[in-house]
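Following the numbering used here, the numbering of the first sequence begins with 19 at its first residue and continues without gaps. Following: one structure in structure tokens, then a few remarks.
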Amino acid sequence: MEIASWNVNSIKARMHAVTDWLKSAKPDVACLQEIKTVDDAFPFMEIEALGYNVEVHGQKSYNGVAILSKYPIEDVSRGLPILGSEDEVDDQARYIEAIISSDVGPVRVASIYLPNGNPVYDGSEFHYKYQYKLRWMERLATRAERLLGFEEPLVLAGDYNVIPDAKDTHDPAGWTGDAAFRPETHAAFQKLLNLGLTEAFEQMDGRAGQYTFWDYQAGAWQNNNGIRIDHLVLSAQAADKITALRIDKMVRDGKKPSDHVPIVGIFNF
DNA sequence: ATGGTTGCGTAGCAA
């Protein structure tokens, strides 16, 4: 089974790129982020015509996540509970989770759009946006801890807005102090992994200079001034089954590209 | 170069 993650930066602006990629890559499951539309305006028909079931957690103008799957999608939940609550969520559509009911057994998958978090400071205090990012990472860890209790294949796929290490950016000095590359962000990401999760790229490859995002500005793509912020985070039951992780960077050369490219995990289940 | 680009929505925010 191939499970992918892609921040498309608006599904409506990206339909040509998305359908082209779905037709050629043919992932079994694709987790999309930043669809930037409400559910009612999502292009269900065009994507279902390619053989996918679709579940969406949309929002007007910003954010928005979706799960596409060639297999049935069950037990869908939208939004990440706020701390201290079972089911109360906030109004930013950044999380959708479901069971993929495949013929080789169930896999739980989440499509995650972790807050960017910039700017970091507001005067001498952390800006509310960075506080929101750190708090959201705590909420994700709380949810992950609960899901790990089920001891099943689990793939938390998405745009984490976290550069795990200096080797994951072309310009470490330039990213110093950014919300994606701060010690507090690294600590929160490590705390998530310490629950017993594996970041797939680190397990499968780990090489420096493999990026998933290049800014639209200042010729970042042409200069390979990229960062690796899109990740597949796996339970042991999924990490034991992954055989490869691919970054479809050729998509960045397409017409009207997203600033992110798809990542694809290949699992032998 | 305190810049640069894209998307949403039609001004200014978010990334």
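Note that the Cβ used here is the ideal one computed from N, Cα and C, for glycine as well.
Check: To which residues of the same chain is residue 226 closer than 8 Å at the C-beta, ignoring the five residues directly before and after it?; Outcome: 185 and 186
Check: Comparing C-alpha positions only, which one of 116, 245, 283 and 203 sits nearest to residue 259?; Outcome: 283
Check: Run through the DSSP bridge pairs and tell me what residue 207 is partnered with.; Outcome: For residue 207, which the question treats as bridged, DSSP gives no partner whatsoever.
Check: Answer yes or no: do residue 180 and residue 207 have a C-beta to C-beta separation smaller than 7 Å?; Outcome: yes
Check: When DSSP labels each residue in this structure, what does residue 51 get in the three-state scheme?; Outcome: strand
Check: Compute the beta-carbon to beta-carbon distance between residue 217 and residue 190, rounded to the nearest angstrom, for a pair I have assumed lies under 8 Å.; Outcome: Their Cβ separation, rounded to whole angstroms, is 18 Å, which puts residue 217 and residue 190 out of contact at 8 Å.
Check: With residue 277 and residue 233 assumed to form a contact (beta carbons below 8 Å), what rounded beta-carbon distance in angstroms separates them?; Outcome: 6 Å
Check: Determine whether the beta carbon atoms of residue 87 and residue 130 lie at a separation below 7 Å.; Outcome: no
Check: When the distance is taken between beta carbons, is residue 36 closer than 7 Å to residue 26?; Outcome: yes
Check: Can you tell me where the beta strand (DSSP E) with residue 73 in it begins and where it stops?; Outcome: 71–75
Check: How do the region 150–161 and the region 195–212 stand: do at least 3 beta-carbon pairs fall below 8 Å, yes or no?; Outcome: yes
Check: Judging by CA-CA distance, which residue of 141, 115, 176 and 201 is the nearest neighbour of residue 133?; Outcome: 176
Check: What does a CB cutoff of less than 8 Å around residue 274 pick up in its chain, not counting 5 residues either side in sequence?; Outcome: 31, 32, 34 and 35
Check: How about the region 75–87 and the region 46–62: do they share at least three Cβ pairs that are nearer than 8 Å?; Outcome: yes
Check: Taking residue 132 as part of the beta strand (DSSP E), name the residues at either end of that continuous run.; Outcome: Looking at the DSSP string, residue 132 is not in any beta strand (DSSP E), and its letter there is neither H nor E.
Check: From the DSSP output, which residues share a beta bridge with residue 119?; Outcome: 124
Check: CA-CA distance, residue 255 and residue 63?; Outcome: 34 Å
Check: I'd like the list of long-range same chain contacts for residue 249, defined as Cβ closer than 6 Å, with 5 residues on each side in sequence excluded.; Outcome: 178 and 217
Check: Of the residues 203, 44 and 93, which one's Cα is nearest the Cα of residue 136?; Outcome: 203
Check: Can you give me the Cβ contacts of residue 214 inside the same chain, cut-off strictly under 8 Å, excluding the 5 residues immediately before and after it?; Outcome: 166, 253 and 254
Check: Which runs of the alpha helix (DSSP H) at least 4 residues long sit entirely within the region 179–235? Give them in chain order.; Outcome: 190–193, 201–211 and 218–222
Check: Cutting at 6 Å between CB atoms, please list the residues of its own chain near residue 96, excluding the five before and the five after it.; Outcome: 75 and 114
Check: Just verifying my parser: in three-state terms, what is the DSSP assignment at residue 262?; Outcome: strand
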